[in-house]
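**Q**
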Amino acid sequence: MLTRKQHELLMFIHERIKETGVSPSFDEMKEALDLASKSGIHRLITALEERGFLRRLAHRARALEVVRLPDQATTSAPAGGRRAFQPRVIEGSAPTPSQAPVASLLSNDVRELSILGKIAAGTPIEAIQHERDRMPVPESLLGTGDHFVLEVQGDSMIEAGIFDGDFVVIKRTDNANNGDIVVALVMQEEATLKRLRRKGGAIALEPANKAYETRIYGPDQVEVQGKLVGLIRRYQ
Numbered sequence: 003m004l005t006r007k008q009h010e011l012l013m014f015i016h017e018r019i020k021e022t023g024v025s026p027s028f029d030e031m032k033e034a035l036d037l038a039s040k041s042g043i044h045r046l047i048t049a050l051e052e053r054g055f056l057r058r059l060a061h062r063a064r065a066l067e068v069v070r071l072p073d074q075a076t077t078s079a080p081a082g083g084r085r086a087f088q089p090r091v092i093e094g095s096a097p098t099p100s101q102a103p104v105a106s107l108l109s110n111d112v113r114e115l116s117i118l119g120k121i122a123a124g125t126p127i128e129a130i131q132h133e134r135d136r137m138p139v140p141e142s143l144l145g146t147g148d149h150f151v152l153e154v155q156g157d158s159m160i161e162a163g164i165f166d167g168d169f170v171v172i173k174r175t176d177n178a179n180n181g182d183i184v185v186a187l188v189m190q191e192e193a194t195l196k197r198l199r200r201k202g203g204a205i206a207l208e209p210a211n212k213a214y215e216t217r218i219y220g221p222d223q224v225e226v227q228g229k230l231v232g233l234i235r236r237y238q
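Just so we're aligned, residue 3 is where the sequence shown starts under my numbering, counting upward by one.
Quick look at the structure:
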């Protein structure tokens with residue numbers, strides 16, 4: 003089942019390709035859905051890909067292919083030429099983090115975790131804050147030990163499937179293996195979400211976005227505060 007925004011975007015792409023033979027640009031999609039930034043479009047397209055409704059065609063600009071439409075989807079031919087995208091929807095207020103829908107939350111088998119603030123997936127920001135809210139998380143994402151939730155700010159981990167506005171579930175630990183995605187406290191001042199690499203006496207915090215550089219630190223400059231065990235995405 004698609005969310006309202008996912009359905010709107012899929013039908014907009016479908017109708018635009020049918021009318022012009024070319025998928026719309028990200029700016030056109032952002033404007034049509036009245037979103038504040040293109041990162042929201044990236045998240046919606048990724049969700050539609052994961053659900054088998056869209057396919058990105060490699061090595062072609064603006065290349066999206068509609069693989070299938072949702073059940074009972076209807077489109078109408080434009081009268082007198084191309085018409086503007088005007089979805090018939092009932093607007094509702096966006097959920098607060100504690101009301102956010104959680105994948106696989108099909109029973110009472112959940113645990114409420116603290117949301118401790120924002121974590122940078124970009125330039126490091128201030129260290130982890132105190133609890134600002136709580137979020138129900140399926141036990142299937144968790145295991146033994148202490149866990150908490152952080153809201154992602156930035157785009158440096160998008161190639162690992164972590165987008166601005168996502169919520170990451172972190173297991174509290176000071177140990178991590180090479181290649182783990184961790185919450186790292188840098189110089190006791192700034193927290194960031196990066197992939198950890200150790201080589202000799204150096205620690206590298208590696209982004210998953212070619213626009214960002216890997217940062218190298220000494221062994222006493224980085225403190226692992228937890229490692230990524232799950233991700234929750236909210237669609238509005």
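Ideal Cβ positions, reconstructed from N, Cα and C, are used throughout, including at glycine.
#1: For a minimum of 3 consecutive residues, which ranges assigned as the beta strand (DSSP E) are wholly contained in the segment 6–74?
#2: Residue 134: which of 117, 200, 174, 148 sits nearest, CA to CA?
#3: Following the continuous beta strand (DSSP E) through residue 149, name the residue where it begins and the one where it ends.
#4: Could you spell out the range, first to last residue, of the beta strand (DSSP E) harbouring residue 2?
#5: Please go through the segment 137–197 and give each complete alpha helix (DSSP H) segment of 4 or more residues, from N-terminal end onward.
#6: Output the boundary residues of the beta strand (DSSP E) element that contains residue 235.
#7: Flag this pair as yes or no: are the beta carbons of residue 164 and residue 123 separated by less than 8 Å?
#8: Thinking just about the alpha-carbon of each residue, which of 67, 155, 31, 33 is nearest to the one in residue 20?
#9: Under 6 Å Cβ to Cβ from residue 153, same chain only, skipping five residues before and after it: list those, please.
#10: Please name the residue in 47, 204, 183, 200 whose C-alpha comes closest to that of residue 162.
#11: Less than 6 Å between C-beta atoms, sequence neighbours within five positions excluded: which residues of the same chain meet that for residue 88?
#12: Classify residue 190 as buried or exposed, calling it buried when 16 or more other Cβ atoms lie within 10 Å of its own Cβ.
#13: Considering only the beta carbon of each residue, do residue 158 and residue 214 sit closer than 8 Å?
#14: Please list, in chain order, all residues of the same chain as residue 105 whose beta carbon is under 6 Å from its beta carbon, the five residues on each side excluded.
#15: Of all the options 9, 150, 177, which has the alpha carbon lying nearest to the alpha carbon of residue 72?
#16: For the beta strand (DSSP E) that contains residue 217, what are its first and last residues?
#17: Taking the beta carbon of residue 18 as the centre, do at least 16 other beta carbons fall within 10 Å, making it buried, or is it exposed?
#18: Enumerate in chain order the residues of its own chain whose CB-to-CB distance from residue 147 is below 8 Å, with the five nearest sequence positions on each side excluded.
**A** Per the coordinate set shown:
#1: 56–58, 66–68
#2: 117
#3: 149–155
#4: Outside the displayed span of the chain (3 to 238) sits residue 2, for which this structure offers no information.
#5: none
#6: No beta strand (DSSP E) contains residue 235, which DSSP labels as neither H nor E.
#7: yes
#8: 67
#9: 120, 169
#10: 183
#11: The predicted model places residue 88 with a pLDDT of 34, which falls under 50 and marks its position as unreliable; any figure quoted below should be read in that light. Here the set comprises nothing.
#12: exposed
#13: yes
#14: In this prediction, residue 105 scores a pLDDT of 41, lower than 50, which makes its location untrustworthy; the coordinate-derived value is nonetheless stated afterwards. Excluding residues within five positions, none has a Cβ falling inside 6 Å.
#15: 9
#16: 217–219
#17: buried
#18: 173, 174, 175
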